[in-house]
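A.B. asks: Residue numbers (this note's numbering): 5 to 128.
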Ligand SMILES: Cc1cc2nc3c(=O)[nH]c(=O)nc-3n(C[C@H](O)[C@H](O)[C@H](O)COP(=O)(O)OP(=O)(O)OC[C@H]3O[C@@H](n4cnc5c(N)ncnc54)[C@H](O)[C@@H]3O)c2cc1C
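(1) Please list, in chain order, all residues of the same chain as residue 59 whose beta carbon is under 7 Å from its beta carbon, the five residues on each side excluded.
(2) Looking at residue 12 and ligand 1, is the gap between the Cβ and the nearest heavy atom below 8 Å?
(3) Should residue 131 be listed as close to ligand 1, given that the test is whether its C-beta is under 8 Å from any heavy atom?
(4) For ligand 1, is there a heavy atom less than 8 Å away from the beta-carbon of residue 42?
(5) Considering Cα atoms alone, identify which of 42, 51 and 34 is closest to residue 79.
As C-alpha cells, then:
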C-alpha cells in the first residue's frame, strides 16, 4: 500500500492535515500510537482563524450549533483583561464556545477517506 505522506499523531492537527491533503489529491496515512482516538475533551472552545478554516470545510455550523457563518466577536475577556475588538478594521477574533472534538475527529478521519492506523508509534 503506497502513501505519499506519513502523519505522526491523530490529534486535531494531524487529522485536519490529512483532510486537507486528501482534498489536494495526496494520499496520507496517519499513524497514532494510541489504540483508538481519545475522547478526552481538551478544548472548551476554539478561538481565531481555525474557526474560519472549519467553516470553509463545512464544520462550523454543526460544531457551533449555529445556522449562519461565523461572526467576529465585538469584545472578549482574555483572562481578566477586557478586549474591545469592534473598532478593528479587520477583526480576526472568531470563537466557538462549545464544541465536540470527537465530532471533528469523526468527520476528519472518516469523511475524507484518510487511512488511520492505531498502535503505530513514529520514531525519529
Ligand atoms: C486540559 C486542556 C484543555 C485545553 N483547552 C483548550 C481550549 O479550550 N481551546 C483550544 O483551542 N485548545 C485547548 N487545549 C489545547 C488543545 O487540546 C491542543 O492545542 C490540541 O489538542 C493540539 O492538537 P495536536 O493535534 O497538535 O496534538 P494532540 O492533540 O496532542 O495530538 C497528538 C496525537 O499524536 C499522538 N502521538 C504523539 N506522538 C506520537 C508518535 N511518536 N507516534 C504516533 N503518534 C503520536 C498522540 O497520542 C496524540 O493522539 C487544551 C489542552 C488541554 C490539555
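Note that beta-carbon positions come from the ideal geometry of N, C-alpha and C, so glycine has one too.
C.D. replies: This is what the structure gives:
(1) Residue numbering aside, residue 59 sits at position 55 when the chain shown is read from its first letter. The residues are 73 and 74.
(2) On the chain shown, position 8 is the one that residue 12 refers to. Yes - ligand 1 has a heavy atom lying nearer than 8 Å to the Cβ of residue 12.
(3) Because residue 131 is not part of the residues shown, which for the chain are 5 to 128, the question remains open.
(4) Reading the chain shown from its first residue, position 38 is the one you call residue 42. For ligand 1, at least one heavy atom lies less than 8 Å from the Cβ of residue 42.
(5) Counting from one through the chain shown, the residue named residue 79 turns up at place 75. Nearest option by C-alpha distance: 51.
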